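Let me begin by presenting the structure, written as C-alpha coordinates, before commenting on it.
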Amino acid sequence: MKSKFLIISAILFSHVAIAQEPLKIKNIGIGTSLEEINKNNFECNKSTLHPELTECKSINEFTVSNAKVNMTLKLTNERVIEIFCYYDHDYYEQIRDAFLNKFGEPTYKKNDVVYNAMGAAFSNDKHMWIDNGDKLTMSERVGKINNSVFVLTSEESRARDKEDNERKKLHNNSDI
1478 MKSKFLIISA
1488 ILFSHVAIAQ
1498 EPLKIKNIGI
1508 GTSLEEINKN
1518 NFECNKSTLH
1528 PELTECKSIN
1538 EFTVSNAKVN
1548 MTLKLTNERV
1558 IEIFCYYDHD
1568 YYEQIRDAFL
1578 NKFGEPTYKK
1588 NDVVYNAMGA
1598 AFSNDKHMWI
1608 DNGDKLTMSE
1618 RVGKINNSVF
1628 VLTSEESRAR
1638 DKEDNERKKL
1648 HNNSDI
(Lines of atoms letter the chains of each structure in order from A and count residues from 1; the text may use other names and numbers.)
(Lines give C-alpha, C1' and ligand atoms only; values in the text may rest on other atoms or scores of the structure.)
Protein backbone atom coordinates (compact mmCIF):
# COMPACT_ATOMS: atom_id res chain seq x y z
CA MET A 1 0.00 0.00 0.00
CA LYS A 2 2.82 2.39 0.89
CA SER A 3 4.56 1.80 -2.45
CA LYS A 4 1.32 2.58 -4.37
CA PHE A 5 1.08 5.91 -2.53
CA LEU A 6 4.68 6.77 -3.43
CA ILE A 7 4.15 5.90 -7.08
CA ILE A 8 0.94 7.93 -7.28
CA SER A 9 2.62 10.87 -5.51
CA ALA A 10 5.55 10.72 -7.92
CA ILE A 11 3.18 10.80 -10.89
CA LEU A 12 1.09 13.67 -9.50
CA PHE A 13 4.07 15.88 -8.72
CA SER A 14 6.26 14.98 -11.67
CA HIS A 15 5.18 18.11 -13.61
CA VAL A 16 6.89 20.43 -11.13
CA ALA A 17 10.31 21.16 -12.56
CA ILE A 18 13.19 22.70 -10.65
CA ALA A 19 15.98 24.45 -12.52
CA GLN A 20 19.01 22.22 -13.09
CA GLU A 21 21.40 25.12 -12.53
CA PRO A 22 20.98 28.37 -10.55
CA LEU A 23 19.08 30.98 -12.55
CA LYS A 24 21.90 33.21 -13.77
CA ILE A 25 22.54 35.05 -17.01
CA LYS A 26 26.20 35.55 -17.92
CA ASN A 27 27.08 34.79 -14.27
CA ILE A 28 24.74 37.54 -13.06
CA GLY A 29 21.87 36.44 -10.87
CA ILE A 30 19.61 37.67 -8.11
CA GLY A 31 21.83 38.96 -5.33
CA THR A 32 24.89 39.69 -7.49
CA SER A 33 26.71 42.68 -5.98
CA LEU A 34 27.16 46.10 -7.56
CA GLU A 35 30.91 45.52 -7.22
CA GLU A 36 30.63 42.47 -9.51
CA ILE A 37 28.37 44.37 -11.92
CA ASN A 38 30.95 47.17 -12.18
CA LYS A 39 33.49 44.62 -13.48
CA ASN A 40 31.31 44.24 -16.58
CA ASN A 41 30.30 46.86 -19.14
CA PHE A 42 27.37 48.52 -17.35
CA GLU A 43 26.44 52.13 -16.78
CA CYS A 44 24.68 52.51 -13.43
CA ASN A 45 22.51 55.38 -12.17
CA LYS A 46 20.05 55.97 -9.36
CA SER A 47 16.45 55.63 -10.49
CA THR A 48 14.61 58.93 -10.83
CA LEU A 49 11.29 57.33 -9.79
CA HIS A 50 12.68 55.21 -6.95
CA PRO A 51 15.81 56.71 -5.32
CA GLU A 52 16.45 53.44 -3.45
CA LEU A 53 16.88 51.65 -6.80
CA THR A 54 19.97 51.62 -8.98
CA GLU A 55 19.47 50.83 -12.66
CA CYS A 56 22.34 49.49 -14.72
CA LYS A 57 22.25 49.21 -18.49
CA SER A 58 24.67 47.23 -20.57
CA ILE A 59 26.97 49.54 -22.49
CA ASN A 60 27.68 46.90 -25.11
CA GLU A 61 25.34 44.15 -26.18
CA PHE A 62 25.88 40.88 -24.36
CA THR A 63 25.68 37.59 -26.16
CA VAL A 64 23.57 34.77 -24.83
CA SER A 65 23.97 31.62 -26.88
CA ASN A 66 25.62 33.75 -29.61
CA ALA A 67 22.61 36.09 -29.75
CA LYS A 68 22.95 39.82 -29.10
CA VAL A 69 21.00 40.84 -26.00
CA ASN A 70 20.42 44.23 -24.34
CA MET A 71 20.47 43.87 -20.56
CA THR A 72 19.10 46.13 -17.81
CA LEU A 73 19.57 45.39 -14.10
CA LYS A 74 17.71 46.74 -11.08
CA LEU A 75 19.50 46.77 -7.73
CA THR A 76 18.60 47.67 -4.16
CA ASN A 77 21.17 47.79 -1.38
CA GLU A 78 23.79 47.22 -4.10
CA ARG A 79 22.36 43.77 -4.96
CA VAL A 80 20.57 42.68 -8.16
CA ILE A 81 16.82 42.15 -7.76
CA GLU A 82 15.87 42.03 -11.47
CA ILE A 83 17.47 41.30 -14.83
CA PHE A 84 15.59 42.38 -17.98
CA CYS A 85 16.86 41.37 -21.42
CA TYR A 86 15.40 42.03 -24.84
CA TYR A 87 16.57 40.80 -28.19
CA ASP A 88 15.54 40.23 -31.79
CA HIS A 89 12.95 37.48 -32.23
CA ASP A 90 15.21 35.76 -34.78
CA TYR A 91 17.20 34.46 -31.79
CA TYR A 92 14.23 33.29 -29.71
CA GLU A 93 14.49 29.54 -30.46
CA GLN A 94 18.26 29.60 -30.04
CA ILE A 95 18.05 31.21 -26.58
CA ARG A 96 15.05 29.10 -25.55
CA ASP A 97 16.93 25.91 -26.45
CA ALA A 98 19.99 27.09 -24.52
CA PHE A 99 17.81 27.78 -21.45
CA LEU A 100 16.14 24.37 -21.77
CA ASN A 101 19.58 22.79 -21.91
CA LYS A 102 20.92 24.80 -18.96
CA PHE A 103 17.87 25.00 -16.68
CA GLY A 104 15.88 21.92 -17.74
CA GLU A 105 12.18 21.80 -18.50
CA PRO A 106 10.35 24.96 -17.41
CA THR A 107 8.09 24.94 -14.38
CA TYR A 108 5.32 26.41 -16.56
CA LYS A 109 4.80 26.58 -20.30
CA LYS A 110 2.08 28.38 -22.23
CA ASN A 111 1.41 28.61 -25.95
CA ASP A 112 -0.47 31.77 -26.99
CA VAL A 113 -1.22 33.54 -30.22
CA VAL A 114 -0.86 37.29 -30.79
CA TYR A 115 -2.16 39.34 -33.71
CA ASN A 116 -0.67 42.34 -35.46
CA ALA A 117 -2.66 45.37 -36.64
CA MET A 118 -3.40 43.62 -39.95
CA GLY A 119 -4.84 40.58 -38.14
CA ALA A 120 -1.98 38.19 -38.90
CA ALA A 121 -1.50 35.56 -36.17
CA PHE A 122 1.88 34.81 -34.57
CA SER A 123 2.93 32.28 -31.95
CA ASN A 124 3.76 33.69 -28.52
CA ASP A 125 5.20 30.94 -26.36
CA LYS A 126 5.99 31.67 -22.73
CA HIS A 127 8.27 29.67 -20.44
CA MET A 128 8.90 30.11 -16.72
CA TRP A 129 11.53 28.55 -14.48
CA ILE A 130 11.25 28.95 -10.70
CA ASP A 131 14.13 28.41 -8.29
CA ASN A 132 14.05 29.40 -4.61
CA GLY A 133 11.52 32.20 -5.22
CA ASP A 134 13.37 33.60 -8.23
CA LYS A 135 11.51 33.46 -11.55
CA LEU A 136 12.97 33.42 -15.04
CA THR A 137 10.22 34.24 -17.52
CA MET A 138 10.77 34.07 -21.25
CA SER A 139 8.26 35.52 -23.75
CA GLU A 140 8.54 34.93 -27.46
CA ARG A 141 6.94 38.24 -28.44
CA VAL A 142 6.57 41.46 -26.45
CA GLY A 143 5.51 44.89 -27.70
CA LYS A 144 6.41 44.35 -31.34
CA ILE A 145 6.20 41.07 -33.23
CA ASN A 146 9.98 40.96 -33.69
CA ASN A 147 10.92 41.58 -30.00
CA SER A 148 11.54 38.80 -27.49
CA VAL A 149 12.41 39.10 -23.80
CA PHE A 150 13.46 37.19 -20.76
CA VAL A 151 13.26 38.55 -17.23
CA LEU A 152 14.77 37.17 -14.04
CA THR A 153 12.97 38.55 -10.99
CA SER A 154 13.25 38.18 -7.24
CA GLU A 155 10.32 38.15 -4.81
CA GLU A 156 11.35 41.69 -3.79
CA SER A 157 11.18 42.91 -7.39
CA ARG A 158 7.75 41.39 -7.97
CA ALA A 159 6.42 42.89 -4.69
CA ARG A 160 7.74 46.33 -5.74
CA ASP A 161 6.06 46.03 -9.16
CA LYS A 162 2.78 45.03 -7.51
CA GLU A 163 2.94 48.08 -5.21
CA ASP A 164 3.69 50.36 -8.16
CA ASN A 165 0.75 48.95 -10.11
CA GLU A 166 -1.60 49.44 -7.15
CA ARG A 167 -0.36 53.02 -6.73
CA LYS A 168 -0.99 53.71 -10.43
CA LYS A 169 -4.54 52.31 -10.15
CA LEU A 170 -5.26 54.53 -7.15
CA HIS A 171 -3.83 57.56 -8.95
CA ASN A 172 -5.84 56.82 -12.13
CA ASN A 173 -9.05 56.38 -10.10
CA SER A 174 -8.63 59.55 -8.03
CA ASP A 175 -11.04 62.45 -8.40
CA ILE A 176 -8.23 64.97 -8.82
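So in our numbering the end of the sequence shown lands on 1653, straight run, no missing numbers. Note that beta-carbon positions come from the ideal geometry of N, C-alpha and C, so glycine has one too. Predicted model only: the values in this text are computed from it and were never measured.
Going by alpha carbons, who is nearest to residue i out of the options?
i       : options                            : result
Leu1629 : Asn1593, Lys1621, Ile1560          : Ile1560
Phe1519 : Ser1510, Thr1525, Leu1526          : Ser1510
Gly1506 : Phe1599, Leu1613, Tyr1564, Lys1534 : Leu1613
Asn1623 : Ser1631, Pro1499, Tyr1592          : Tyr1592
Ser1535 : Glu1512, Cys1521, Thr1525, Ile1558 : Cys1521
Gly1508 : Asn1609, Lys1603, Arg1618          : Asn1609
Lys1503 : Leu1550, Leu1526, Pro1528          : Leu1550
Tell me the DSSP bridge mates of residue i?
i       : result
Tyr1602 : Sequence inspection shows Asp at residue 1602; the Tyr mentioned does not correspond to that position. Paired residue(s): Asn1588.
Asp1608 : Asp1611
Ser1510 : Arg1556
Thr1547 : Reading off the sequence shown, one finds Asn at residue 1547, where the question assumed Thr. Asn1547 pairs with Tyr1563.
Starting from residue i, trace the beta strand (DSSP E) in both directions and tell me its first and last residue.
i       : result
Arg1556 : 1556-1565
Glu1520 : 1519-1523
Leu1629 : 1624-1630
Glu1532 : 1530-1535
Val1541 : 1539-1541
From which residue to which residue does the alpha helix (DSSP H) around residue i run?
i       : result
Asn1578 : 1569-1580
Leu1500 : Here Leu1500 belongs to no alpha helix (DSSP H), and DSSP marks it neither H nor E.
Measure the CB-CB distance between residue i and residue j and report whether it falls below 8 Å.
i       : j       : result
Ile1514 : Val1541 : no
Lys1545 : Tyr1564 : yes
Ile1558 : Ser1631 : yes
Glu1640 : Thr1553 : no
DSSP on residue i, reduced to helix/strand/coil?
i       : result
Asn1515 : coil
Ala1636 : helix
Asn1649 : helix
Met1478 : Any reading at Met1478 must be qualified, since the residue scores a pLDDT of 47, below 50, and its modelled position is unreliable; the value itself is stated next. Residue state, collapsed to three classes: coil.
Ala1594 : coil
Give a yes or no on whether the minimum CB-CB distance between residue i and chain D is below 8 Å.
i       : result
Val1628 : Here there is only one protein chain, and chain D is not present.
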